[in-house]
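Be aware that the sequence shown starts at 215, since it is given in our numbering, and climbs by one per residue.
In what follows, a single structure is set out as structure tokens and then discussed.
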Amino acid sequence: MTERNDFLENSPGKPTEKNNSGQLGQGWPALGLALAFFALATVAFTWPLTIKLWDYLPDWGDPPDVAWKLGYIARNLLHNPLNLNQNPYFYPLTDSIALNELLTGLGILGAPVYWLTGNTTLVFNLLNFGSFWLSGFSMWLLVRHLTGSFGAGIGAGLVYAFSPWHYGQYGHLPLTAQQWMIFSLYGLVRFLESPVARPRSKRHWLWLAFFVFFFVLQALCAGYYAYFEAILVGCYLAYFFLFRSGLVWQGWHFLRRKMGEKPEWRRLGVQLGWIAGAGVVAFLLILPAILPSMHYQQEFGFKRQISEINYWSAAPNSLLRMSAQSWLYKPIERGLFNLQTSAEREMYPGLFTVVLVVAGAIGALRKKQYIYWVFLAVALIGLVLSLGPSLNLEAYGLQPTGITLPYKWLYDLVPGFSVLRVAGRFAQLLMLGLAVCAGFGLTWLAGLKPRFLKGKIQAAWKPALQTGLVALVAIEFFAPGLPAQPTPTGAAAPPLYRWLASPEADKIIGPQDLLLELPMDTQPTPITSSPIYLFYGLDHQRPMLNGSANILPAGYDRLYYEMQSFPAPATLDIIEGLGVKFVIVHTANLAADANRAELEKQAGPGGRLELVQGYPSTDGRFKDAVYRVKPDLQRFQPLASLIPAGSNVLLADTNSHRRLYTYILAALLGADKHYFAPFSTVYAGMVGGVGPIQPGQKFDYAIFYKSGGPNPADYGFTPADLVPLPPGDFDTLALYHKK
């Protein structure tokens with residue numbers, strides 16, 4: 215047998231598929247058994263969320279943030295299918311879902327459940343449950359095909375579905391939905407194995423359609439997976455067309471001036487052509503979903519900083535970090551290695567998984583199963599990329615070595631790669647590759663025939679060994695007791711949100727009245743508004759300045775930082791200038807008692823807020839309330855009277871200064887003037903129009919902060935140009951007039 219024949223004999227397809235070592239069944243019964251097994255495993259591993267699907271979420275961070283987006287996508291499918299990103303958050307934007315991770319695929323999958331129940335909590339949890347379930351089943355399907363072993367597929371599915379990395383993503387629904395890329399690869403493998411000599415074979419083309427459908431679906435579930443599956447498919451295609459086809463062996467024989475079997479050029483050409491065509495179709499199907507996000511990335515200049523990516527990169531000791539719920543966590547990770555589990559860095563592959571991977575390598579060498587090395591390469595690629603742009607010896611970018619890694623090259627060269635935040639998520643490819651390799655290891659070990667075993671005992675050896683090894687993998691990964699946060703909806707929702715969605719509220723608050731919910735969040739940086747606000751806002755559907763996104767609209771960070779001092783008079787000026795009609799305030803979360811005292815003052819006689827409705831907070835000490843904004847029409851008249859109509863007015867600030875106040879003055883000083891600012895925001899139209907500064911532009915007047923802003927001299931103003939302001943309300947501002 216030539217080298218190429220030996221290679222083909224041990225490649226996936228009919229030769230390997232006939233190896234039924236340790237297999238428990240064929241056909242539909244085997245499929246049903248595998249589906250049932252992974253359904254039960256998912257119930258066990260995700261307990262107690264499994265029995266709380268209707269009104270619990272994993273936490274109030276990412277889960278409600280994803281849930282409200284799924285709800286709006288489901289609504290848009292019925293009422294506005296040409297713009298699935300439409301929603302009223304991040305006003306004045308109307309399609310802010312496009313500022314986020316791709317969720318179109320998940321939204322479409324969850325839409326029927328939402329249409330039937332109106333419960334986004336249930337939608338989120340069912341999709342999450344299905345992701346763990348089908349992650350295991352899809353890997354079983356692939357590995358069973360590659361090895362011919364039912365038990366190997368079960369073991370590989372457990373590794374893929376319930377590894378600490380995937381288990382740790384249970385609150386990140388887009389990332390738990392990793393199953394579609396395995397279905398896609400399975401379709402590709404079956405297509406390439408099909409004979410091209412029968413072009414009218416429906417099954418042949420169904421496998422190609424299977425590949426395209428699931429490739430597109432996976433990309434539409436999460437942007438990260440578009441890159442993950444591109445790497446996975448690229449590795450498999452390189453293996454198939456360079457090695458399994460015989461091209462490499464033919465070249466080797468040519469160099470050695472020996473005759474070898476020639477590649478089947480016609481078959482390879484046809485297959486390559488159809489794969490290229492399928493790639494074009496997949497790209498065209500994905501493109502409409504990513505164009506809005508690409509538009510906002512360009513408009514707002516969005517790009518992740520290398521320092522941020524380093525912070526969210528894995529470190530070598532991430533391979534020792536496991537789930538905090540794991541029974542091994544305290545004695546092993548904390549006790550033996552003195553490590554602490556941290557978000558996005560749980561990459562422990564499992565001791566028994568590694569043993570099986572090593573066994574698979576031995577078996578692959580002996581049986582010359584070259585496809586094993588393809589998946590080992592996928593695992594190594596995932597491991598290297600998870601370490602980020604440069605090697606750090608500790609998590610959170612601590613102990614940097616300065617050694618540049620391949621991730622940095624992709625960051626610089628590959629379109630869209632610079633918007634990915636968490637390099638550690640490439641550990642998904644690590645676990646995918648290890649899962650397949652572990653399946654080969656299970657198959658090889660089960661195929662060993664101990665000479666000391668005879669008769670029925672030897673016959674029972676294979677299934678018993680595989681069952682035992684699968685059980686060890688499951689026991690090592692088992693981590694019961696996932697945290698769950700009560701998130702009641704409908705009639706059980708918090709009373710303030712029930713009122714906002716009621717006919718009584720509709721009589722007071724119009725459908726287009728702009729709302730702002732405060733405090734926007736308790737985070738030190740403006741990653742989002744609190745996602746739970748947006749989750750419950752799905753019921754009343756009114757426009758809100760609040761929002762949650764990866765790509766922040768221009769000016770949102772300034773609004774966020776200004777609102778941290780609510781209800782200071784300056785914050786009420788900004789609220790009034792932006793046209794907010796009502797504010798929703800959770801008084802328990804205000805920064806300090808002084809803020810709560812100021813709120814009571816502003817809601818009292820002569821104040822700028824009017825209490826509309828209020829309910830006790832959860833602990834009963836504070837209240838959640840809706841206030842009407844009462845514009846103070848005379849407050850800015852003294853300042854406005856100092857600036858004649860038609861004047862060019864500079865609203866001075868710097869790009870790095872976290873203030874919005876001078877910008878909002880355009881709405882409060884009158885529309886009879888021309889306003890300019892050195893930065894842009896999405897609020898320009900809301901405040902009557904603020905234009906960009908042109909080179910060499912001259913200004914009649916300029917408003918500066920007395921401290922913390924730009925230097926007036928940078929714009930040609932001197933102390934002699936300073937205009938005295940009325941005392942009191944404008945103590946923080948300085949007005950200049952170029953005479």
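Quick reminder that beta carbons are idealized off the backbone N, C-alpha and C, glycines included.
Contact check, Pro155 vs His888, beta carbons under 9 Å: Outside the shown range of the chain (215 to 953) lies residue 155, about which nothing can therefore be said.
Local conformation of His951 per DSSP, three classes: On the sequence shown, position 737 is the one that residue 951 refers to. Residue state, collapsed to three classes: strand.
Cβ-based burial, Gly236 [other Cβ within 10 Å; buried from 16]: Within the sequence shown, the letter at position 22 stands for residue 236. Because Gly236 carries a pLDDT of 39, less than 50, the predicted location of this residue cannot be relied on, and the following value inherits that uncertainty. Classification of Gly236: buried, given that the 10 Å Cβ count is 16 or more.
Beta-carbon gap between Gly321 and Leu298 smaller than 9 Å: Mapped onto the sequence shown, residue 321 falls at position 107. Mapped onto the sequence shown, residue 298 falls at position 84. Against a cut-off of 9 Å, the Cβ pair of Leu298 and Gly321 comes out as a contact.
In chain order, each beta strand (DSSP E) run of at least 3 residues that lies wholly inside the region 465 to 539: none
Buried versus exposed call for Tyr610 [16 or more other C-beta atoms within 10 Å across all chains shown]: One-based indexing of the sequence shown puts residue 610 at position 396. Flag for Tyr610 reads exposed.
Residue interval of the alpha helix (DSSP H) (run including Leu800): Walking along the sequence shown from the start, residue 800 turns up at place 586. For the record, residue 800 in the displayed sequence is His; it is not Leu. Per DSSP, His800 belongs to no alpha helix (DSSP H); it is in the beta strand (DSSP E), Phe796 to His800.
Same chain only: Cβ atoms within 6 Å of Asn862, ignoring 5 sequence neighbours per side: The count along the sequence shown starts at 1 and reaches residue 862 at position 648. Counting only Cβ-Cβ distances below 6 Å, and skipping sequence neighbours, we find His888, Phe913 and Asp914.
Paired residues, beta bridge with Met758 - DSSP: Position 544 of the sequence shown, counted from the first residue, corresponds to residue 758. In the DSSP output, where bridge partners are listed per residue, Met758 has Leu729.
Between the CA atoms of Ile546 and Phe918 - distance to the nearest angstrom: Locating residue 918 in the sequence shown gives position 704, counting from the first residue. Locating residue 546 in the sequence shown gives position 332, counting from the first residue. When rounded, the distance between both Cα atoms is 58 Å.
Residues near Leu823 by beta carbon distance below 6 Å, same chain, minus five either side: Against the sequence shown, residue 823 aligns to sequence position 609. Answer for Leu823: Gln816, Ala817 and Tyr841, listed in chain order.
Top-ranked residue by Cα proximity to Ala591, from Leu643, Leu607 and Leu267: Along the sequence shown, one-based indexing puts residue 591 at 377. Considering only alpha carbons, the answer is Leu643.
Cβ separation of Gln848 and Trp713, assumed to be a contact under 8 Å, to the nearest whole Å: As a working note, residue 848 is residue 634 in the sequence shown. As a working note, residue 713 is residue 499 in the sequence shown. With 8 Å as the limit, Gln848 and Trp713 do not qualify as a contact, their Cβ atoms being about 33 Å apart.
Beta carbon of Leu542 nearer than 9 Å to that of Tyr384: On the sequence shown, residue 542 is found 328 positions in, with the first residue counted as 1. On the sequence shown, residue 384 is found 170 positions in, with the first residue counted as 1. Not a contact, by the Cβ cut-off of 9 Å.
Helix, strand or coil at Ala678 according to DSSP, with G and I counted as helix: Here residue 678 refers to the residue found at position 464 when the sequence shown is read from its first residue. Here Ala678 sits in helix by DSSP.
Per-residue burial, Arg580 [other beta carbons within 10 Å of its own, 16 or more giving buried]: Looking up residue 580 in the sequence shown gives position 366. When all chains shown are included, Arg580 counts as exposed.
Where His418 sits in the DSSP three-state scheme: Within the sequence shown, the letter at position 204 stands for residue 418. Helix.
DSSP bridge partner residues for Ser744 (one or two, in chain order): Taking the first residue of the sequence shown as 1, we reach residue 744 at position 530. BP columns for Ser744 are empty, so no partner.
Cβ-Cβ separation, Phe566 to Leu679 (assumed contact under 8 Å), whole Å: Position 465 of the sequence shown, counting from 1, holds the residue named residue 679. Position 352 of the sequence shown, counting from 1, holds the residue named residue 566. Their Cβ separation, rounded to whole angstroms, is 13 Å, which puts Leu679 and Phe566 out of contact at 8 Å.
Residue range of the unbroken alpha helix (DSSP H) whose run includes Ser374: Counting from 1 along the sequence shown, the entry for residue 374 is found at position 160. Per the sequence presented here, residue 374 reads as Tyr, with Ser not at that position. Phe364 to Phe376 is the span of the alpha helix (DSSP H), which, as asked, contains Tyr374.
C-alpha distance - Gln613 paired with Tyr877, whole-angstrom precision: Taking the first residue of the sequence shown as position 1, residue 613 is located at position 399. Taking the first residue of the sequence shown as position 1, residue 877 is located at position 663. The straight-line gap from Cα to Cα measures roughly 42 Å.
Between the CA atoms of Gly367 and Gly574 - distance to the nearest angstrom: As a working note, residue 574 is residue 360 in the sequence shown. As a working note, residue 367 is residue 153 in the sequence shown. C-alpha separation (whole angstroms): 13 Å.
For Asp771, the first and last residue of its enclosing alpha helix (DSSP H): Indexing the sequence shown from 1 puts residue 771 at position 557. Asp771 -> alpha helix (DSSP H) spans Tyr770 to Glu776.
Cβ distance (whole Å) where Ala956 is taken to contact Phe654 below 8 Å: This structure cannot speak to residue 956, because the chain is shown only from 215 to 953.
Ile617 classed as buried or exposed, judged by whether at least 16 other C-beta atoms fall within 10 angstroms: Your numbering for residue 617 matches position 403 in the sequence shown. Exposed.
Same chain, Cβ closer than 7 Å to Leu307, five either side skipped, listed in chain order: Here residue 307 refers to the residue found at position 93 of the sequence shown. Closer than 7 Å at Cβ, skipping near neighbours: Pro767 and Val896.
Beta-carbon proximity of Leu748 to Gly769, cut-off 9 Å: Working through the sequence shown from its first residue, we reach residue 748 at position 534. Working through the sequence shown from its first residue, we reach residue 769 at position 555. No, Cβ-Cβ distance for Leu748 and Gly769 is not below 9 Å.
Met758 to Ile798 span [Cα, whole Å]: Residue 758 sits at position 544 when you count from the first residue of the sequence shown. Residue 798 sits at position 584 when you count from the first residue of the sequence shown. The straight-line gap from Cα to Cα measures roughly 10 Å.
Residue burial classification, Asp886 (beta-carbon count within 10 angstroms, cutoff 16): For the purposes of this step, residue 886 is taken as residue 672 along the sequence shown, with counting starting at 1. Looking at its Cβ environment, which holds fewer than 16 other Cβ atoms inside 10 Å, Asp886 is exposed.
Span of the alpha helix (DSSP H), counted from its first residue to its last, around Gln642: Taking the sequence shown and counting its residues from 1, the one referred to as residue 642 is at position 428. Segment Ala641 to Gly661, the alpha helix (DSSP H) holding Gln642.
Residues that DSSP places opposite His888 in a beta bridge: Mapped onto the sequence shown, residue 888 falls at position 674. Note: His888 sits in a beta bridge opposite Asn862.
Three-state secondary structure (DSSP) of Phe551: Reading the sequence shown from its first residue, position 337 is the one you call residue 551. Coil at Phe551, not helix or strand.
Unbroken stretches of the beta strand (DSSP E), 3 residues or longer, contained in the region 814 to 847: 823 to 830 and 837 to 843
Exposure label - Ala805; buried when at least 16 CB within 10 Å: Residue numbering aside, residue 805 sits at position 591 when the sequence shown is read from its first letter. Ala805 should be labelled exposed.
Expected contact under 8 Å - CB spacing of Tyr400 and Ile585 to nearest Å: Taking the first residue of the sequence shown as 1, we reach residue 400 at position 186. Taking the first residue of the sequence shown as 1, we reach residue 585 at position 371. With a Cβ gap of about 13 Å, Tyr400 and Ile585 do not count as contacting.
Contacts around Gly437, its chain only, beta-carbon distance under 7 Å, and the 5 residues preceding and following it disregarded: Indexing the sequence shown from 1 puts residue 437 at position 223. Correct list, in chain order: Glu315 and Leu316.
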